[in-house]
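Peer 1: What follows is a structure written as structure tokens; I'll ask about it next.
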Ligand code: SF4
């Protein structure tokens with residue numbers, strides 16, 4: 002029997018791959034998080050040979066297990082930018098250092114069918130790393146991040162991704178934790194501070210996108 006859903010998403014992912022490639026991104030297709038990890042560990046890592054690696058937080062990235070594997074590599078220094086037992090000042094300093102690594106991993110909040118990446122950040126370390134600094138960037142992207150255009154991407158992020166992200170942080174006091182949609186708040190805990198729209202990869206191929214045929218992340 003035909004797996005219609007898998008075929009449906011495969012078609013859409015192939016279209017997104019073509020659009021991203023036209024925008025100078027290097028693109029890979031994976032059926033699931035395990036295949037995405039395989040692409041990184043056996044394809045990208047040997048080719049790029051990074052000495053330093055770090056990341057901007059992403060549920061999709063964690064789902065692939067890539068970071069855990071890379072931390073086992075003896076010749077790679079991993080700058081850990083998320084840990085509950087490290088003081089906040091030290092974490093922020095590490096996130097600054099992470100902007101100069103050889104290889105930076107993260108996800109994207111949305112991917113348009115025209116091949117654009119749309120992101121919204123609280124601190125800016127994720128959109129910073131995508132935009133400039135790390136020599137190479139690898140984005141792990143689940144199929145659920147695909148939207149038709151930038152307007153739909155911004156709507157999705159404001160009214161789904163950001164409130165859900167705020168709800169995940171029990172200590173945050175943003176109104177969207179109660180409303181489940183954006184109130185364009187003035188809260189000191191506001192997690193929506195910097196937008197980035199990445200139209201193209203510059204230089205060509207600097208940003209690599211692994212499209213995964215699975216729903217992953219927010
Ligand atoms: S701007 Fe404020 S209310 Fe809107 S999603 Fe962000 S944190 Fe929530």
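In the working numbering, the protein residues as written are 2 to 219. Glycine residues also receive a C-beta, built at the ideal position from the N, C-alpha and C atoms.
Residues in its own chain within less than 7 Å of residue 23 by CB, not counting five upstream and five downstream?
Peer 2: Within the same chain, residue 23 has close Cβ partners 116.
Peer 1: Below 8 Å on the Cβ atoms is my guess for residue 79 versus residue 212; work out the distance and round it to an integer in Å.
Peer 2: Contact doesn't hold; Cβ gap of about 24 Å is too wide.
Peer 1: Less than 7 Å between the CB of residue 169 and some heavy atom of the ligand SF4, yes or no?
Peer 2: No, the beta carbon of residue 169 sits no closer than 7 Å to any heavy atom of the ligand SF4.
Peer 1: So does residue 185 have its beta carbon nearer than 7 Å to some heavy atom of the ligand SF4?
Peer 2: For the ligand SF4, at least one heavy atom lies less than 7 Å from the Cβ of residue 185.
Peer 1: Under 8 Å by Cβ, that's how I've got residue 192 and residue 166 pegged, so tell me the actual separation to the nearest angstrom.
Peer 2: Correct: roughly 6 Å between the Cβ atoms.
Peer 1: Starting from residue 171, trace the alpha helix (DSSP H) in both directions and tell me its first and last residue.
Peer 2: Note, residue 171: premise wrong, no alpha helix (DSSP H); not H, not E.
Peer 1: Is any non-hydrogen atom of the ligand SF4 found closer than 7 Å to the C-beta of residue 107, if you look at the structure I gave you?
Peer 2: Answer for residue 107: no, Cβ out of range of the ligand SF4.
Peer 1: Considering only residues of the same chain and omitting the five flanking positions on each side of residue 127, which have a CB-CB separation below 6 Å?
Peer 2: Closer than 6 Å at Cβ, skipping near neighbours: 57, 107.
Peer 1: Give me the residue from 136, 130, 123, 201 with the minimum Cα distance to residue 229.
Peer 2: Given that the chain is displayed from residue 2 to residue 219, the structure contains no residue 229 and the question cannot be resolved.
Peer 1: On the CB-based measure, 16 or more other CB atoms within 10 Å of its CB, does residue 122 come out buried or exposed?
Peer 2: Residue 122 comes out buried.
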